[in-house]
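Asks: Residue numbers for the sequence shown follow the working numbering, beginning at 168 and rising by one.
Cβ atoms here follow ideal geometry from the backbone N, Cα and C, with glycine treated the same way.
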Amino acid sequence: MYDQREKAQRDYEWVISGAREEGREEGREEGREEGELVGKVHTLQELLGESLTTKSVLLSEGTDALTKRLAELQQRLRDRQLG
């Protein structure tokens, strides 16, 4: 009986450890993605002659808002090149 309880506890700890590691990896991936978006936003702002939005402000917006901002900047650059 004791061995079963001990095995169950080890199994539980193993599952929790795996879940933690998976969460960390997802967080790292999301951080890399946001960092790339911030870099692209900064590049487009420079090309458009705008002042750069601080990294902390951009990161606080989240991935969806960053993606939207990036698309808007890309469109403004295209419009400028055509006009």
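Per the contact definition of three or more C-beta pairs closer than 8 angstroms, is the segment 177 to 193 in contact with the segment 206 to 216?
Replies: In short, these stretches do not touch, since the Cβ pair count stays below three.
Asks: Within its chain, find whatever has a CB closer than 6 angstroms to the CB of His209; leave out the 5 residues flanking it on each side and keep chain order.
Replies: Hits under 6 angstroms: Leu219.
Asks: Should Leu225 go down as buried or exposed, given a rule of 16 or more other Cβ atoms within 10 Å for buried?
Replies: Leu225 comes out buried.
Asks: Would Thr221 and Glu201 qualify as a contact pair, given that the criterion is a beta-carbon distance under 8 angstroms?
Replies: Not a contact, by the Cβ cut-off of 8 angstroms.
Asks: Comparing C-alpha positions only, which one of Ile183, Leu233, Asp178, Tyr179 sits nearest to Val205?
Replies: Here the closest residue by C-alpha is Leu233.
Asks: Buried or exposed: which applies to Arg236, given that a residue is buried once 16 or more other Cβ atoms fall within 10 Å of its Cβ?
Replies: Buried, by the Cβ-count rule.
Asks: Which of the three DSSP states is assigned to Thr230 in this structure?
Replies: It is helical.
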